[in-house]
């Protein structure tokens, strides 16, 4: 299929150079910092004075800190719960949007708006909305609505999940919509001839056919959830009582507020390892990624 | 040309809605209900934001939060603009344009090289590097980036925001663009080469127009991500006149959080440019995104 | 070809925009330099009226009197400032004049060699030193040398109350801890929040512990911690204080939602002057804020204030107080010689001049300048000012705010644990264990 191999000589020489600018940018501001964060984790630095190499001190203080376990747990919970909430809803919504009725296209326009707002803006808006004394609940005098949403750990966690879903379900439902639209009608017709009802068709045809889409969407969701910072920082600053202190936030607080750059870098390394591990795991789970397999087959 | 990029039309689930029958109507009802419910969930906060921004602070506490303002006022917007938001807007524009254009350009070049130069060893390595880069969160590298920016004497400048943004936009952009370039038929490249075109020429005269939907998509996607970026400005800038919109929003909110109408007015103002872009380029964003991701 | 032209244009744009951006962005990447007209010293300080106005006023007056050596000021919010100043110092882009609270943060700057030693300068300018409260120099002195100039006001922590609300329930401000707990249950039955609290800021919670530690065990308790004595957090008086605070939380002593209210926005103070809460423990600077934001509340005599009540059976002297003995200005060691000269000129002539003193008094603050009693007595806020002056000067011990006294690392751990304590998710013993681990950090 790839016939270019024949005439490689003389014509392909410029090609590697075309990739160099991107490589330079990426190496300079992504790869080098990555190496840098590993190096920094073996130092002690308060962000103000000099950087002093200190071997395993920072690692030791991080790995023996129960806070780290807590941050890992919170991050894991956020990841799993947000996935569990977003995926079914995105699948349903995507299937709904796949229908070609006119009004569904109009709805899709509105659905997408939350994705356009910055996480900071959304957090600020919800903070005002949910204020127990000055927000929506207080104004409407609905006791249930004017709870201490951001002041009670379990509620604050729930609010974070809700807002994340509010923001990102549109995106994932769009992916699922495209996925559903690609399922051949013939399969449904055959199933209908066999007497399968709508629900049965959904579970036996739609869902299995969406497997690859689900892997893509889940990978994005899961790896993306590791990077939640803006939203939580603005909404709860990790509180209340560390209920929403995910790994990224823990790293920032340790480094920039507690002046512990060494341990913060160690946590950053952990963050990267977890992200890489998850990406690899998910790819393994779903068979080869389409992009990879395409390249492999070249 | 564009026909090669879209799938041949097939009878898909999309057409199911038209097939009649009692069962079909039943399913639409349930789906419809869910759809409208989600619409309410999406719209309610947006509606609240909009009407609150038009209320005066004094009347906000005494009136029903969900009722439209009896005497709508633009005073909140004026207050936000007086708080220097035009400058923050310009900063955001400079950072976004200054990052997206180079990012898409170099990524396009790299994607082309990767597809056309496959399976060269160097290009395979570069591709692998970018794929791994997809899983690296920006947050994890913020401390060394802070150090690098300081050493380069770029602290508290907009360039400090631009450079890392370019770097982190590259992996995904290369991935999506490479996918699209792979769809361009080999014959077209062959005919260009027979005509004596160089790779550089082929890159810009053939590939760019063919992959325009994808280029537009990644441009819009990256622009959105960078426009809404918060961590980089938070750490790498300090002067108020270097702030970008999300950071300005947060600072404004911290100071005036008791003045709810002003806060939501600032949210609306900062989102307005994106909404405009969305209205203009929606189709590209939506169609391109799904094609890029659902491969 | 059509496409060819458009692509060239795109490429031109692609090249042009980042270059333009870079030019615009790199323009003034250095600190304190101004485009033309000599270098300016830079000065960062907190925003928030009415205090911001006084500080800006001082800068403006200085600039007018010194056309050849000016100061460019930038304002920041309280909590954001605490992080921002550190990043700036770490980036070598600190302002010439660094505003702060002295104590542990100042110590970290000194250890990193980031601020200048001012001892000899003060020796050369004894008139500057002798004007000020002698006690104000304590938190600005590290290892026996003066690294910061005290300025602004003395800020003890005060127990404020809404007179109208307390009258409504027929109560008087608490005279003892038992009184306080009883008042809490009375107010709750009447549906009024007893205490307002900006819990998300955490240092607001800390003020409660500062007082309880002192009232129960005397200033020695925290002094031991500050001195780095092992396991000093497990002192029985400390555990008692921690337990009492949790009792208060369990008794619904704090307004609903306190854990998500920030102090920066003055939302906690709004709850007091709007009558949603009956009382509030806050710094003396809150008087000025309530005066500015609360409409007729303060001028109309609606605000009451007392010192924190004693705890029955406690060792601490009821006259003791805690808070900020002063605010402090340091000079960045990385500033240019010119900038440092401007800064020192500001210290000598621009800090706490008579206008500034009057303005601070107008905001309900007691400047750390000696001999202002008559001015205080003549002001419209004479009662409050006299109260603050007496509290500050008659206190047998004036403890510095813990998060400023301790190092930033220990302070951050402290604030985290305090948040957990108030959330009732850790026990007093756990708190003590966690804090014992960072003693001397």
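Residue numbers (the numbering used here), protein chains in the order written: chain G, 39 to 336; chain A, 98 to 392; chain E, 921 to 1361.
C-beta atoms are modelled at their ideal positions from N, C-alpha and C, and glycine is treated no differently.
These figures come from a predicted structure and were not determined experimentally.
Neighbour flag for residue i against chain E, beta carbons, 8 Å
{"i": "residue 318 of chain A", "result": "no"}
{"i": "residue 278 of chain A", "result": "no"}
{"i": "residue 337 of chain A", "result": "yes"}
{"i": "residue 185 of chain A", "result": "no"}
{"i": "residue 110 of chain G", "result": "no"}
{"i": "residue 292 of chain A", "result": "no"}
{"i": "residue 300 of chain G", "result": "no"}
{"i": "residue 236 of chain A", "result": "no"}
{"i": "residue 253 of chain A", "result": "yes"}
{"i": "residue 188 of chain G", "result": "yes"}
{"i": "residue 52 of chain G", "result": "no"}
Cβ-Cβ distance between residue i and residue j below 8 Å
{"i": "residue 1231 of chain E", "j": "residue 1132 of chain E", "result": "yes"}
{"i": "residue 1352 of chain E", "j": "residue 1153 of chain E", "result": "yes"}
{"i": "residue 1285 of chain E", "j": "residue 170 of chain G", "result": "no"}
{"i": "residue 362 of chain A", "j": "residue 174 of chain A", "result": "yes"}
{"i": "residue 970 of chain E", "j": "residue 1243 of chain E", "result": "no"}
{"i": "residue 1324 of chain E", "j": "residue 1058 of chain E", "result": "no"}
{"i": "residue 1185 of chain E", "j": "residue 157 of chain A", "result": "no"}
{"i": "residue 1195 of chain E", "j": "residue 1082 of chain E", "result": "yes"}
{"i": "residue 256 of chain A", "j": "residue 178 of chain G", "result": "no"}
{"i": "residue 1128 of chain E", "j": "residue 1321 of chain E", "result": "no"}
{"i": "residue 364 of chain A", "j": "residue 159 of chain G", "result": "yes"}
{"i": "residue 180 of chain A", "j": "residue 358 of chain A", "result": "no"}
Contact list for residue i against chain E, beta-carbon separation under 8 Å
{"i": "residue 191 of chain G", "result": "1343, 1345"}
{"i": "residue 86 of chain G", "result": "1006, 1009, 1010, 1028, 1029, 1032, 1034"}
{"i": "residue 294 of chain G", "result": "1003, 1006, 1007"}
Within chain A, the residues that residue i reaches when beta carbons sit closer than 9 Å
{"i": "residue 152 of chain G", "result": "139, 142, 143"}
Partners in chain G for residue i, counting only beta-carbon separations shorter than 8 Å
{"i": "residue 375 of chain A", "result": "150, 151, 154"}
{"i": "residue 1339 of chain E", "result": "277, 278, 279, 280"}
{"i": "residue 174 of chain A", "result": "Chain G residues near residue 174 of chain A: none, gap ~15 Å exceeds 8 Å."}
Spatially closest choice to residue i from the options, by CA coordinates
{"i": "residue 1182 of chain E", "options": "E/1257, E/1329, E/1196, E/1121", "result": "E/1121"}
{"i": "residue 1275 of chain E", "options": "E/1308, E/1256, E/1072", "result": "E/1072"}
{"i": "residue 1040 of chain E", "options": "E/1061, E/1051, E/1034", "result": "E/1061"}
{"i": "residue 312 of chain A", "options": "A/209, A/241, A/244", "result": "A/209"}
{"i": "residue 1107 of chain E", "options": "E/1198, E/1144, E/1164, E/1123", "result": "E/1198"}
{"i": "residue 1026 of chain E", "options": "E/1007, E/1067, E/1011", "result": "E/1067"}
{"i": "residue 188 of chain A", "options": "A/334, A/349, A/161", "result": "A/334"}
{"i": "residue 278 of chain A", "options": "A/321, A/228, A/206", "result": "A/206"}
Beta carbon proximity, residue i to chain A, threshold 8 Å
{"i": "residue 1196 of chain E", "result": "no"}
{"i": "residue 184 of chain G", "result": "no"}
{"i": "residue 232 of chain G", "result": "no"}
{"i": "residue 1107 of chain E", "result": "no"}
{"i": "residue 1000 of chain E", "result": "yes"}
{"i": "residue 57 of chain G", "result": "yes"}
{"i": "residue 134 of chain G", "result": "yes"}
{"i": "residue 971 of chain E", "result": "no"}
{"i": "residue 309 of chain G", "result": "yes"}
Where residue i meets chain E, residues with beta-carbon distance less than 9 Å
{"i": "residue 63 of chain G", "result": "Within chain E, no residue comes near residue 63 of chain G; the closest Cβ sits about 11 Å away, beyond 9 Å."}
Chain G contact residues for residue i, given Cβ-Cβ distances below 7 Å
{"i": "residue 1191 of chain E", "result": "171"}
{"i": "residue 325 of chain A", "result": "156, 157"}
Residue i at chain G interface by Cβ criterion, 8 Å
{"i": "residue 1110 of chain E", "result": "no"}
{"i": "residue 161 of chain A", "result": "yes"}
{"i": "residue 956 of chain E", "result": "In this predicted model, residue 956 of chain E has a pLDDT of only 38, less than 50, meaning its place in the structure is not dependable enough to derive any value."}
{"i": "residue 1173 of chain E", "result": "no"}
{"i": "residue 352 of chain A", "result": "no"}
{"i": "residue 1180 of chain E", "result": "yes"}
Contact the stretch 1137 to 1147 of chain E vs the stretch 1155 to 1166 of chain E: 3+ CB pairs below 8 Å: Flag = yes, the stretch 1137 to 1147 of chain E and the stretch 1155 to 1166 of chain E touch.
Stretch-stretch touch, CB-based, cutoff 8 Å, three pairs: the stretch 1162 to 1174 of chain E with the stretch 1109 to 1116 of chain E: Segment contact: the stretch 1162 to 1174 of chain E against the stretch 1109 to 1116 of chain E, three or more CB-CB distances shorter than 8 Å; contact assigned.
Three CB pairs or more closer than 8 Å across the stretch 69 to 85 of chain G and the stretch 229 to 248 of chain G: As far as the Cβ criterion goes, the stretch 69 to 85 of chain G does not touch the stretch 229 to 248 of chain G, which means the pair count is below three.
Contact between the stretch 964 to 978 of chain E and the stretch 1004 to 1021 of chain E (3+ Cβ pairs under 8 Å): Yes, the stretch 964 to 978 of chain E touches the stretch 1004 to 1021 of chain E.
Segment contact, 8 Å Cβ cut-off, at least three pairs: the stretch 287 to 303 of chain A with the stretch 217 to 227 of chain A: In short, these stretches do not touch, since the Cβ pair count stays below three.
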